[in-house]
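In this note's numbering, the protein residues as written are 31 to 304.
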């Protein structure tokens with residue numbers, strides 16, 4: 031049987047490679063994570079984990095490198111994750127954008143298979159239904175991810191019964207159309223205004239434009255302190271004055287950035303650009 035483990039030296043080389051390529055800090059003793067993420071690729075290429083990793087790290091192994099990075103960076107997601115950020119968005123943040131000609135611009139960073147940007151779009155529709163005359167110009171949502179594979183799935187907007195059951199309430203299924211056999215697809219009015227684009231958070235944000243709101247939830251935990259600081263600096267530069275940053279419930283920017291002030295609400299915390 032081919033080995034499914036990496037020697038210590040190979041593991042460290044792969045960890046360094048992964049951090050240099052996309053900023054993810056693998057940490058020690060994560061052989062199980064590498065094994066579980068790369069298992070399908072090992073089978074497809076009939077290769078041991080060591081051979082797969084070494085080939086991916088070769089300068090000539092660009093295609094395999096992309097597959098390995100996508101396998102390692104595909105993270106779990108579901109609809110309206112944690113709930114409270116979307117309530118804060120509707121109850122505390124969106125009311126600030128009440129100017130008739132104002133079009134809100136939102137960035138869903140590391141959008142994975144699309145549940146977050148579609149949840150944002152649904153939240154915007156719910157807000158406009160409850161507040162006639164608000165957000166007349168609507169909103170533009172940019173959804174980015176490092177993985178082209180998950181972006182393709184996100185753009186299709188089609189989900190099976192298992193994915194639909196993860197965080198989506200029954201009333202919100204009105205925003206989907208049935209495809210049969212438990213599969214559903216987001217309706218055109220939900221897809222409208224969303225643009226999907228491949229982007230590495232460690233690269234420049236200049237071509238992305240400026241934003242009023244950035245969602246980057248449960249992502250910074252994978253980066254080193256140095257890269258967290260870099261990303262937060264770039265977020266601050268990409269936000270309009272007074273813009274908002276939504277992070278994951280377990281994420282903090284303490285000692286990492288002075289560009290934001292913490293805003294505490296009964297429902298949770300978000301950060302505002304100073």
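Just so it is clear, CB atoms sit at the ideal spot from N, CA and C, and this is done for glycine as well.
These numbers were taken from a predicted model, which means no experiment stands behind them.
Beta-carbon proximity list for residue i, same chain, < 6 Å, skipping 5 on both sides
i: residue 261; result: 231
i: residue 183; result: 143
i: residue 297; result: 114, 117, 118
i: residue 137; result: 172, 241, 244
i: residue 46; result: none
i: residue 88; result: none
i: residue 134; result: 127, 169, 242
i: residue 124; result: 157
Spatial neighbours of residue i in its chain, beta-carbon cut-off 7 Å, leaving aside the 5 residues before and after
i: residue 57; result: none
i: residue 51; result: 99
i: residue 55; result: 49, 252, 253, 254
i: residue 31; result: In this predicted model, residue 31 has a pLDDT of only 38, less than 50, meaning its place in the structure is not dependable enough to derive any value.
i: residue 292; result: 299, 301
i: residue 122; result: 295
i: residue 224; result: 147, 151, 171, 173
i: residue 272; result: 302, 303
Whole-Å CB distance - residue i paired with residue j, under 8 Å assumed
i: residue 163; j: residue 190; result: Actually they do not touch by this definition, with Cβ atoms about 38 Å apart.
i: residue 132; j: residue 185; result: Their Cβ separation, rounded to whole angstroms, is 27 Å, which puts residue 132 and residue 185 out of contact at 8 Å.
i: residue 220; j: residue 282; result: The pair is not a contact, with the Cβ atoms about 32 Å apart (cut-off 8 Å).
i: residue 226; j: residue 198; result: Not quite, the Cβ-Cβ distance comes to about 20 Å (not below 8 Å), so this is no contact.
i: residue 40; j: residue 77; result: The pair is not a contact, with the Cβ atoms about 13 Å apart (cut-off 8 Å).
i: residue 148; j: residue 216; result: 5 Å
i: residue 153; j: residue 120; result: 6 Å
i: residue 228; j: residue 178; result: 5 Å
Boundaries of the beta strand (DSSP E) in which residue i is found, first to last residue
i: residue 208; result: 206-210
i: residue 291; result: 290-295
i: residue 132; result: Unbroken run through residue 132: none, as it is neither H nor E.
Neighbourhood of residue i by C-beta, 8 Å cutoff - its chain only, sequence neighbours within 5 removed
i: residue 82; result: 68, 71, 72, 75, 94, 98
i: residue 146; result: 107, 111, 138, 173, 245, 247
i: residue 101; result: 67, 68, 70, 71
i: residue 155; result: 205, 219, 220
i: residue 290; result: 262, 266, 275, 283, 301, 302, 303, 304
i: residue 259; result: 286, 287
i: residue 84; result: 40
Host alpha helix (DSSP H) of residue i (start-end)
i: residue 64; result: 61-75
i: residue 300; result: Here residue 300 belongs to no alpha helix (DSSP H); instead the beta strand (DSSP E) covers 298-303.
i: residue 38; result: 38-52
### Task
Examine the Cβ distances between the region 231-251 and the region 269-289 and report whether three or more of them are shorter than 8 Å.
Yes: at least three Cβ pairs fall under 8 Å.
### Message
Report the start-end ranges of each beta strand (DSSP E) in the region 147-199 that is 3 residues or longer and not cut off at the edges.
### Response
169-175
### Message
Check whether the region 238-246 and the region 58-66 touch, using three or more Cβ-Cβ pairs below 8 Å as the test.
### Response
no
### Task
Report the residue ranges of all alpha helix (DSSP H) runs contained in full by the region 83-126; include only those spanning at least 4 residues, in chain order.
Listed in chain order, they are 92-103, 114-118.
### Query
Hey, which unbroken runs of the alpha helix (DSSP H) at 4 residues or more fall wholly within the region 206-272?
218-221, 255-268
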